[in-house]
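K.L.:
Below: one structure in structure tokens.
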Amino acid sequence: MTDENPTAITRAEVEHVAGLARLGLSADEVDRLTHELAGILIHARDMGELDLSGVEPTAHPLPLVNVVRPDEVSPSLDRDEVLAAAPAVQDNQFRVPRILEAP
Amino acid sequence: MNAIEIAASVRAGEVSAREVVEGYLATIDAGNGELNALLLVGEQAARAAADEVDAAVAAGNDPGPLAGVPVVLKDNLCQRGVVTTCGSRILEGWRPPYTATVVDAVTRAGGIPLGKANLDEFAMGSSTENSAFGPTRNPHDPTRVPGGSSGGSAACVAAKFAPLALGSDTGGSIRQPAALCGVVGVKPTYGRVSRYGLVAFASSLDQIGPFGASVTDAALLLDVISGHDRRDSTSIPETLTPVSPTLENGVAKLRVGVIDELTNGAGVALEVRAAVLAAAAALEAAGATIESVSLPSTQFGLSAYYMIAPAEASSNLARYDGVRYGLRVEGENLAAMNERTRDAGFGPEVKRRIMLGTYALSAGYYDAYYGRAQRVRTLITRDFNRVYEGCDVLLSPTSPTTAFKLGDRTADPMTMYQSDVCTIPTNLAGHPAMSVPWGTGADSMPVGVQILAPALAEATMFRVARVVEDAAP
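Have a look at this one:
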């Protein structure tokens, strides 16, 4: 919250975050998002006014922990039905582009 | 006929479910071209389901409390084998291999799933203008938005395309469109209704709930869909109190708090504020006590929400990678395929939230944005808990304004996000809240009053809603 940069986020940071999010953004989209995200982040700095020392974070509204079900056999999703929705399938598996370079 | 009357007539054999369904299909056929409220109308399946209900009645069996009542589903609720889009190109053509628990509950109660309603892409928006399949228009004035993200569901009930609809509410996505379309919309307690089969947006906030033309109709549907489901690990494992049996119990001696920060906030239209105060006066006349209450931390709700919801969304939407379902745009390697697919498949608002959420969770910014927002969430919950020690329910506006014109708030994301300022705090706390119509503004568009209650106090909330509904102009 002590960031002195009035633009809040740089174009380079937007490009870095797009890589993390696996979004192949166009140059125009990067420009627009740099501007829009800066506006949202500057608004979010109003939270800096609050004294949050000693306040625990809330991740979830319910006090439920370690929810388990009985260990019983029950039907799974139908394999053919699931594979039928995939863009590419081979040998009952999801087919994806090469992820390793040839040796 | 309202939903209660339809179910009673069908159960009594006075009207056939098939006649009911044909009537609504004709209304949809005449009106959906202009409103674009429904992305898909399941005519044949609806007719078949209606015939089953009629066969049960003919055989002397009771089809259930929703006998022959058509129910529209927001298009982020899965029905096995039925195209589910979430308003996104990235899922276009996808047919889920499973059915949402709420849809099973509707069918088991004799209800007829009628079609899939338009929505902001992945439920991200406040106007239904973010759908990849075009905006939905407000039935009261087609130049205006129906609200969002469940704008299609709200518009369907307002346009009498169906007596009941289901939506989802992450930051106001049921209540705000209900207010803008002049119908009743309910966000139940987090965990009251199973989310199995709801496509996830922000998992610590999302909740499914009903729309109806009246409080009584909304109560009927809420009672059908409430209950524990072991297929949703966030489902509350307790016996729940139904809301319908006590609807007419009145509000004598109930303590009602009017939330100062949300009712008197800078962006709240005078006519909306006047509606909340008039509803409070009506409750006082019916025997409740009224006081003004302060929840100072709710002023930071918008900032906290627009870190937490995008953060969770950025994680949930990582699954749309072109591998297992939906769109794929080929690339020279896996990363390039992922990037091209996601760039082509997601619309601008979804990309904005994925980017915002990824940033808020990334190294160096986690504590300043996401971590801080989670602590603000704690303060908001504490504020509610403190105020509920002295109040049974709270009142505020649902939306700061009546329905706006298409295109009015699309230029700047923060302007659109402000539409949710009154509804967001409830989601952060996990509590229930609902919107009930209260007349119209100077523009003749509907105004909604929001009624908020502590966790699992829906029965009390609905008693208050019934009194507000009867007193409304």
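Protein sequences appear in the order of chains C and D. According to my numbering, the residues represented by the first sequence are 4 to 106, in order. According to my numbering, the residues represented by the second sequence are 489 to 961, in order. Beta carbons: idealized from backbone N, C-alpha and C, even for Gly.
1) In this structure, how does DSSP classify D/Val862 when only helix, strand and coil are distinguished?
2) By DSSP, does D/Asp629 sit in helix, in strand, or in coil?
3) Under the three-state reduction of DSSP, which class applies to D/Phe892: helix, strand or coil?
4) Starting from D/Pro665, trace the alpha helix (DSSP H) in both directions and tell me its first and last residue.
5) Since C/Val60 meets chain D, which of its residues come closer than 8 Å, beta carbon to beta carbon?
6) If we ignore side chains and look at the alpha-carbon of each, how far apart do D/Pro885 and D/Gln906 end up?
7) With 16 other CB atoms within 10 Å as the buried threshold, where does D/Asn604 fall?
8) Starting from D/Gln567, trace the beta strand (DSSP E) both ways and give me its first and last residue.
9) My parser needs the beta strand (DSSP E) runs of 3 or more residues fully inside the segment 502 to 564 of chain D; what are they?
10) Taking only beta-carbon atoms, is C/Ala30 less than 8 Å away from chain D?
11) Kindly indicate which three-state DSSP category D/Leu693 falls into: helix, strand or coil?
12) Would you report the Cα separation of D/Ala690 and D/Leu771, rounded to the nearest angstrom?
13) Output yes if chain D places a C-beta closer than 8 Å to the C-beta of C/Val85; else output no.
14) Please classify D/Phe649: does DSSP put it in a helix, a strand, or coil?
15) Using a Cβ-Cβ cut-off of 8 Å, state whether C/His38 counts as contacting chain D.
16) For the alpha helix (DSSP H) that contains D/Ile747, what are its first and last residues?
17) For C/Glu7, name the three-state secondary structure that DSSP assigns.
18) When you compare the CB of C/Ala88 with every CB in chain D, is at least one pair closer than 8 Å?
19) With distances taken from CA atoms, which of C/Glu32, C/Phe97, C/Leu67, C/Asp74 is nearest C/Asp83?
20) Can you round the beta-carbon distance between D/Asn490 and D/Ala701 to whole angstroms, since I take them to be within the 8 Å contact cut?
21) Closer than 8 Å, Cβ to any Cβ of chain D: which residues of the segment 67 to 83 of chain C, in chain order?
22) Going straight from the alpha carbon of D/Cys574 to that of D/Ile842, what length do you get?
23) Just the chain C side, please: which residues come within less than 7 Å of D/Glu827 by C-beta, in chain order?
24) For D/Ala642, does the three-state DSSP call read helix, strand or coil?
25) Which residue from D/Leu693, D/Ser637, D/Val545 puts its Cα closest to that of C/Leu65?
26) Can you list, in chain order, the residues of its chain with a C-beta nearer than 6 Å to that of C/Glu52? Leave out the 5 residues immediately preceding and following it.
27) Could you tell me whether the Cβ of D/Leu811 comes closer than 8 Å to any Cβ of chain C?
28) I want to see whether chain C comes within less than 8 Å of D/Thr846, judged by CB atoms only; does it?
29) For D/Tyr976, collect the residues of the same chain with a Cβ closer than 6 Å to its Cβ; drop the 5 residues on either side in sequence, then sort them by chain order.
30) Give me the chain C residues within the contact set of D/Arg718, using Cβ-Cβ distance strictly less than 9 Å, ordered along the chain.
31) Which of the three DSSP states is assigned to C/Ala89 in this structure?
32) Can you give the beta carbon distance from D/Thr616 to D/Pro623, rounded, assuming they're within the 8 Å contact cut?
33) Any residues in the segment 569 to 587 of chain D with a beta carbon nearer than 7 Å to a beta carbon of chain C? Which ones, in chain order?
34) Pick from D/Ser791, D/Gly670, D/Gly679: whose alpha carbon is nearest that of C/Gly42?
35) Between which two residues does the alpha helix (DSSP H) harbouring D/Ala917 extend?
36) Would a C-beta distance cut-off of 8 Å place D/Pro651 and D/Ala642 closer than the cut-off?
P.N.:
So, from the data block:
1) According to the sequence as given, residue 862 of chain D is Gln; it is not Val. Three-state result, D/Gln862: helix.
2) Note: D/Asp629 maps to strand in three-state DSSP.
3) Correct three-state label for D/Phe892: coil.
4) It spans 663 to 669 - the alpha helix (DSSP H) in which D/Pro665 sits, taken as one unbroken run.
5) The sequence given here places Pro at residue 60 of chain C; Val does not occur at that position. Here the neighbours are Gly859, Gln862, Arg863, Arg865, Thr866.
6) D/Pro885 and D/Gln906: Cα-Cα distance of roughly 13 Å.
7) Before going further, note that residue 604 of chain D is Lys rather than Asn in the sequence given. D/Lys604 counts as buried, since at least 16 other C-beta atoms from the protein chains shown sit within 10 angstroms of its C-beta.
8) For D/Gln567, no beta strand (DSSP E) segment is defined, and its DSSP state is neither H nor E.
9) Runs found: 526 to 529, 558 to 562.
10) Chain D contact via Cβ: absent.
11) Looking at D/Leu693 - three-state DSSP - the assignment turns out to be coil, as it is neither helix nor strand.
12) In a straight line, the C-alpha of D/Ala690 is about 35 Å away from that of D/Leu771.
13) With its beta carbon less than 8 Å from one in chain D, C/Val85 belongs to the interface.
14) DSSP places D/Phe649 in the coil class of the three-state scheme, outside both helix and strand.
15) Chain D contact via Cβ: absent.
16) Annotation: D/Ile747 is outside any alpha helix (DSSP H); the continuous beta strand (DSSP E) that includes it extends over 743 to 747.
17) Summary for C/Glu7: the model assigns pLDDT 44, below 50, so the residue's position carries little reliability; its value from the coordinates is reported in the next sentence. Here C/Glu7 sits in coil by DSSP.
18) At a cut-off of 8 Å between C-beta atoms, C/Ala88 counts as an interface residue with respect to chain D.
19) A check of alpha carbon separations from C/Asp83 across C/Glu32, C/Phe97, C/Leu67, C/Asp74 identifies C/Phe97 as the nearest.
20) Right, their Cβ atoms sit about 6 Å apart.
21) Cβ contacts with chain D: Leu67, Val70, Arg72, Leu80, Asp81.
22) The C-alpha of D/Cys574 lies about 16 Å from the C-alpha of D/Ile842.
23) What D/Glu827 touches in chain C: Arg25, Leu26, Gly27.
24) In this structure, D/Ala642 counts as helix in the three-state DSSP scheme.
25) Of the candidates D/Leu693, D/Ser637, D/Val545, D/Leu693 places its Cα closest to the Cα of C/Leu65.
26) Excluding residues within five positions, none has a Cβ falling inside 6 Å.
27) The residue you asked about is not Leu; residue 811 of chain D is Val in the sequence shown. So yes, D/Val811 belongs to the interface.
28) By this cut-off, D/Thr846 is an interface position.
29) One cannot answer for residue 976 of chain D here, as it falls past the ends of chain D, which runs 489 to 961.
30) Going along chain C in sequence order, the residues near D/Arg718 (Cβ under 9 Å) are Val70, Arg72, Pro73.
31) C/Ala89: coil per DSSP, three-state reduction.
32) Indeed they touch by this definition, with Cβ atoms about 6 Å apart.
33) Of all residues in the segment 569 to 587 of chain D, Trp582, Arg583, Pro585, Tyr586 have a Cβ within less than 7 Å of some Cβ in chain C.
34) Minimum Cα-Cα distance from C/Gly42 among the listed residues D/Ser791, D/Gly670, D/Gly679 corresponds to D/Ser791.
35) Annotation for D/Ala917: the continuous alpha helix (DSSP H) segment containing it runs 912 to 917.
36) No, these two residues do not count as a Cβ contact at 8 Å.
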